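Trainee:
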């Protein structure tokens with residue numbers, strides 16, 4: 082999969098730029114605050130229709146403009162198609178082949194992107210919410226119907242929490258409605274959990290293999306799914322449903338006392354172990370970074386397996402932060418197969434072999450120049 | 003305010019209607035000023051009459067000008083069949099079909115704890131009373147196929163189940179005259195689930 086062309090209109094600090102990408106590796110060089118990350122963000126938004134940095138779409142529009150637009154020309158499965166994402170003060174539109182896609186799940190997945198940025202360290206050491214977001218986004222871009230089940234789950238969860246809060250205050254509550262919502266919740270919770278397990282089984286295989294390579298066979302990475310109930314990853318959908326049912330029955334009293342839902346995918350987490358020790362708590366900064374990198378590289382392979390083509394890789398300000406060994410491991414993995422965008426403040430930290438194969442763009446104050 | 007009081011009051015009244023903002027309200031108000039006095043009087047009368055003369059049927063909850071409503075009092079309809087809907091507008095939609103010969107029960111909403119609407123806030127208790135008094139053989143649940151509609155249907159079915167009355171849920175799936183390729187995955191999977199022998 083490849084981005085052949087990218088045009089930004091009134092996007093962040095760009096008034097209008099149009100870029101052509103002919104080579105696999107594209108290096109974007111510039112001082113701080115010139116618009117390097119904005120360019121990466123634009124590609125990310127083109128894939129997901131939302132930013133990895135902000136939840137406020139309005140921030141993406143250039144400050145003095147009425148609307149902002151990202152247009153891309155994507156080459157995938159031997160054909161070229163256009164993607165457009167348009168933001169205005171009224172909302173956003175995402176178009177595939179010039180036709181607006183009303184549902185997010187119809188659009189996402191047209192362009193697959195994997196981003197590795199400094200903040201991905203939080204994937205390892207941040208809050209559980211970060212890891213849930215990671216897993217949900219990744220499954221979503223491979224299996225758009227997952228987004229639907231997750232959305233329904235969150236909707237029912239809100240209803241159920243409101244009801245539990247209400248029941249908490251009552252003397253002799255009628256539990257019929259609670260049981261109805263529990264049944265509805267389990268329907269979607271089981272699917273979400275089953276898909277997460279399936280994703281994890283594949284991610285785990287790739288990630289530990291890659292981690293072994295990066296750490297020169299010194300480290301063994303393990304990933305555990307930390308569920309809010311007793312469940313086994315190889316359970317069938319039916320068994321997961323039954324497990325939810327018995328767990329909810331057992332926790333009913335406590336849920337009413339606390340006024341909130343205590344089990345379900347919204348309370349689960351991923352745990353990372355290196356050589357048997359939890360990296361989140363005991364790992365060094367370097368180990369945490371390697372873990373995050375392994376996960377991201379595993380994602381690339383996973384998407385290839387599921388979609389049949391490699392995703393586009395965005396490396397925002399991270400290449401120069403990796404030591405020589407990790408850098409070359411990274412570049413070996415992607416070599417010639419994955420279209421990659423790299424941002425950096427200077428070429429000093431980047432290996433010569435990489436630069437020779439790359440197109441270099443210099444960004445300065447929202448304008449770009451190409452140096453072959 | 004730039005408007006004289008009578009017109010600003012009229013604008014105010016129009017904005018209370020759904021889907022009408024201040025600009026549309028102003029346009030409508032000025033249009034009323036241009037209308038013939040007789041038409042305006044008629045309009046005002048219909049508004050007041052609609053409100054005064056229409057009540058909710060004490061049996062089924064549908065809007066009516068006499069109690070019980072024309073559907074409930076129609077002897078030719080099959081009283082052993084009750085179709086439960088969310089809204090009076092749903093009754094009208096069902097009636098347009100001209101195929102359903104049973105009776106209705108209007109809930110006036112769905113259960114939604116998030117919005118503070120519990121089972122006691124919708125027209126469920128009178129349905130339970132009805133099922134005790136009338137000879138009902140089948141209850142058709144025709145609430146909308148969204149989260150709240152489903153939850154409400156499930157709630158009613160749990161409540162009624164012990165009585166042994168047959169409970170059915172209307173089918174979900176593809177719209178007639180539709181195209182398979184344009185259907186979303188969820189609708190399709192519902193249609194697959196609800197497939198039947200031919």
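Chains as they are written, first to last, in the numbering used here: chain A, 82 to 453; chain B, 3 to 200. Note that the Cβ used here is the ideal one computed from N, Cα and C, for glycine as well. Because the structure is a prediction, the values reported are computed rather than measured.
1) Compute the Euclidean distance between the alpha carbons of residue 93 (chain A) and residue 120 (chain A), then round it to the nearest angstrom.
2) Using 8 angstroms as the cut-off, classify the Cβ of residue 199 (chain B) as near or not near the heavy atoms of the ligand ZN, replying yes or no.
3) Output needed in chain order: residues of the stretch 178-198 of chain A with a Cβ under 9 angstroms from some Cβ in chain B.
4) With DSSP as the reference, please indicate the residues paired to residue 157 (chain A) in a beta bridge.
5) Would you be able to state if there are at least three C-beta pairs under 8 angstroms between the stretch 99-109 of chain B and the stretch 75-89 of chain B?
6) Tell me, which residues are paired with residue 250 (chain A) by DSSP?
7) Looking at the structure shown, is residue 200 (chain B) part of a helix, part of a strand, or coil, going by DSSP?
8) Looking only at C-alpha atoms, which of A:449, A:430, A:444, A:374 sits nearest to residue 415 (chain A)?
9) Going by DSSP, which residues form a beta bridge with residue 451 (chain A)?
10) So what does residue 358 (chain A) bridge to, in DSSP terms?
11) Can you name, in chain order, every residue of its own chain whose Cβ lies under 7 angstroms from the Cβ of residue 168 (chain A), other than the five neighbours on each side?
12) From the DSSP secondary-structure annotation, give me the bridge partner or partners of residue 100 (chain A).
13) Which residues bound the beta strand (DSSP E) around residue 313 (chain A)?
14) Only counting runs of 3 or more residues, tell me where the beta strand (DSSP E) segments fall wholly within the stretch 350-435 of chain A, in order along the chain.
15) Please classify residue 433 (chain A) as buried or exposed, where buried requires at least 16 neighbouring CB atoms within 10 angstroms.
16) Going along the chain, which residues of the stretch 258-269 of chain A sit with their C-beta nearer than 8 angstroms to a C-beta in chain B?
17) Nearest to residue 337 (chain A) by alpha carbon, out of A:260, A:392, A:407, A:222?
18) Quick one: Cα of residue 145 (chain B) to Cα of residue 116 (chain A), how far?
19) With 16 other CB atoms within 10 Å as the buried threshold, where does residue 380 (chain A) fall?
20) Within 10 Å of its beta-carbon, does residue 95 (chain A) have 16 or more other beta-carbons around it, so buried, or fewer, so exposed?
21) In chain B, what lies closer than 9 angstroms to residue 229 (chain A) by C-beta?
22) What beta strand (DSSP E) runs, 3 residues minimum, are completely inside the stretch 26-75 of chain B?
23) For residue 136 (chain B), tell me which candidate among B:56, B:43, B:26, B:61 has the shortest Cα-Cα distance.
24) Mind checking which residues open and close the beta strand (DSSP E) that includes residue 170 (chain B)?
25) Cβ of residue 164 (chain B) less than 9 angstroms from any chain C Cβ?
26) Under three-state DSSP, which class holds residue 119 (chain A)?
27) Using a Cβ cut-off of 7 angstroms, which residues of the stretch 229-251 of chain A contact any Cβ in chain B, in chain order?
28) Could you tell me whether any Cβ in chain A is nearer than 9 angstroms to the Cβ of residue 194 (chain B)?
29) Would you say residue 55 (chain B) lies against chain A (beta-carbon separation less than 9 angstroms)?
30) So which residues of chain B does residue 226 (chain A) contact, with C-beta pairs closer than 8 angstroms?
31) Could you pull the DSSP bridge partners for residue 196 (chain A) from this structure?
32) Which of the three DSSP states is assigned to residue 293 (chain A) in this structure?
33) Please classify residue 95 (chain B): does DSSP put it in a helix, a strand, or coil?
34) Taking a Cβ distance cut-off of 8 angstroms, strictly less, list which residues of the stretch 121-149 of chain B are near chain A, in chain order.
35) What residues of chain A sit near residue 119 (chain B), judged by a beta carbon separation below 9 angstroms?
36) Which residues mark the beginning and the end of the alpha helix (DSSP H) in which residue 318 (chain A) is found?
Mentor: If we stick to the structure as given:
1) 9 angstroms
2) The model on display carries no ligand, and the ligand ZN is accordingly not part of it.
3) 184, 186, 187
4) A:160
5) yes
6) BP columns for residue 250 (chain A) are empty, so no partner.
7) coil
8) A:374
9) A:442
10) A:355
11) 138, 141, 142, 148, 149
12) A:87
13) Neither: residue 313 (chain A) is in no beta strand (DSSP E) and is coded neither H nor E.
14) 350-355, 393-397, 421-425
15) exposed
16) 258, 260, 261, 262, 264, 265
17) A:260
18) 51 angstroms
19) buried
20) buried
21) 186, 187, 188
22) none
23) B:61
24) 168-171
25) No chain C is part of this structure, whose protein chains are labelled A and B.
26) helix
27) 229, 233, 236, 237, 239, 240, 243, 244, 247
28) no
29) no
30) 187, 188
31) A:395
32) helix
33) helix
34) 121, 149
35) Under the 9 angstroms cutoff, chain A gives no residues; its nearest Cβ is about 10 angstroms from residue 119 (chain B).
36) 318-339
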